[in-house]
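Q: Okay, so the sequence shown: first residue is 12 according to the numbering used here, each after it adds one.
Glycine included, every Cβ here is placed at the ideal spot set by N, Cα and C.
Because the structure is a prediction, the values reported are computed rather than measured.
There's a structure below that I have some questions on.
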Amino acid sequence: MAAFWCEKVFYVPGQDLVALVGAMESGYVRPGFFIGLPPEVKGPGWVVIRDVQQVPFRDGRTRLAVLLDYDALSAAPLMEFTDLEGRPLDVKKV
12 MAAFWCEKVF YVPGQDLVAL VGAMESGYVR PGFFIGLPPE VKGPGWVVIR DVQQVPFRDG
72 RTRLAVLLDY DALSAAPLME FTDLEGRPLD VKKV
């Protein structure tokens, strides 16, 4: 199973997306794969990845952004997105 290290989480207004920004620790990630948002952070479990993009930041580094539909997270209304920061998240194919 692949692992994504989540550095930061952002809401993308106007597109109803949540961006998990970080880097792959192992394996790879593609749109249509699933990412695990664990119960210990009140996450909904496995969520479909809508898109994956390389995003340049002001510090000159490029990071990986895993994009999720905000509606897919409605099953976890108590989840704080910032609780995902600084932790590895499992990634799997369908």
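Which word fits VAL40, buried or exposed, when buried means at least 16 other C-beta atoms lie within 10 angstroms of its C-beta?
A: The residue you call residue 40 lines up with position 29 of the sequence shown. Per the 10 Å Cβ criterion, buried.
Q: Between which two residues does the beta strand (DSSP E) carrying PHE45 extend?
A: Counted from its first residue, the sequence shown places residue 45 at position 34. First-last of the beta strand (DSSP E) with PHE45: 45-48.
Q: If we require 3 or more residues per run, which beta strand (DSSP E) segments fall completely within the region 44-82?
A: DSSP runs (the beta strand (DSSP E)) wholly in the region 44-82: 45-48, 56-59, 62-67 and 73-80.
Q: Confirm, please, whether the CB-CB distance from ALA30 to LEU78 is below 8 Å.
A: Taking the first residue of the sequence shown as position 1, residue 78 is located at position 67. Taking the first residue of the sequence shown as position 1, residue 30 is located at position 19. Result yes, Cβ atoms of LEU78 and ALA30 sit closer than 8 Å.
Q: With 16 as the cutoff for other CB atoms within 10 Å, does PHE15 come out buried or exposed?
A: Translated into positions along the sequence shown, residue 15 becomes position 4. Classification for PHE15: buried.
Q: What residues in its chain sit with their C-beta under 8 Å from that of PRO50, if we drop five residues either side in the sequence?
A: Counting from one through the sequence shown, the residue named residue 50 turns up at place 39. Only GLY56 meet the Cβ criterion.
Q: List the whole-angstrom C-beta distance separating VAL32 from VAL66, where the pair is believed to meet the contact cut-off of C-beta under 8 Å.
A: Numbered from its first residue, the sequence shown carries residue 32 at position 21. Numbered from its first residue, the sequence shown carries residue 66 at position 55. So it is a contact: roughly 7 Å between Cβ atoms.
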